[in-house]
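Since the structure comes first, as structure tokens, the remarks are kept for the end.
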Amino acid sequence: MRNLAVYASELVPNTGQQLTLFTDPQRQIKAERLNGVIDEIHRRFGFSKLVFATSLIQGGTAIERSQLVGGHNGGNSYA
């Protein structure tokens with residue numbers, strides 16, 4: 291792929307909450323807050339500062355892949 295265009299218009303703030311029949315609303319709100327905190331830590335300190343513990347054991351790839359372009363070498367196959 292050589293060219294990619296993305297267009298967005300009439301964006302609005304994330305003010306609503308999509309409720310489901312199968313999840314407790316309070317639990318859903320709590321999970322949304324937790325995800326926001328995780329996103330903020332990733333933004334401020336980088337992805338590798340907060341990962342699942344399985345990423346730290348032998349064979350874990352999340353930290354290594356976070357340093358690649360799109361999760362792969364991005365054309366640097368000889369690196």
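Just so you know, the numbering used here puts 335 at position 45 of the sequence shown, and the rest follows in order with no gaps. From the three backbone atoms N, C-alpha and C, an ideal C-beta is built for every residue, glycine too.
1) Start and end of the alpha helix (DSSP H) containing A325?
2) Could you tell me the alpha carbon to alpha carbon distance between G325 and D314, rounded to whole angstroms?
3) Considering only residues of the same chain and omitting the five flanking positions on each side of A352, which have a CB-CB separation below 6 angstroms?
4) From F335 to D329, what distance separates their C-alpha atoms?
5) At the level of alpha carbons, what is the spacing between K320 and F337?
Reading from the atomic positions:
1) By 1-based counting over the sequence shown, the position of residue 325 is 35. Note that residue 325 is Asn in the sequence shown, not Ala. Following the DSSP letters along the chain, one finds N325 inside the alpha helix (DSSP H) bounded by residues P315 to F335.
2) In the sequence shown, counting from the first residue as 1, residue 325 sits at position 35. In the sequence shown, counting from the first residue as 1, residue 314 sits at position 24. Position check: residue 325 holds Asn in this sequence, whereas Gly was assumed. When rounded, the distance between both Cα atoms is 17 angstroms.
3) To locate residue 352, count along the sequence shown from 1; it is residue 62. These residues qualify, in order along the chain: V341 and S345.
4) Here the question's residue 335 lines up with position 45 in the sequence shown. Here the question's residue 329 lines up with position 39 in the sequence shown. Spanning the two alpha carbons is a distance of roughly 10 angstroms.
5) Here the question's residue 320 lines up with position 30 in the sequence shown. Here the question's residue 337 lines up with position 47 in the sequence shown. Whole-angstrom Cα-Cα distance: 22 angstroms.
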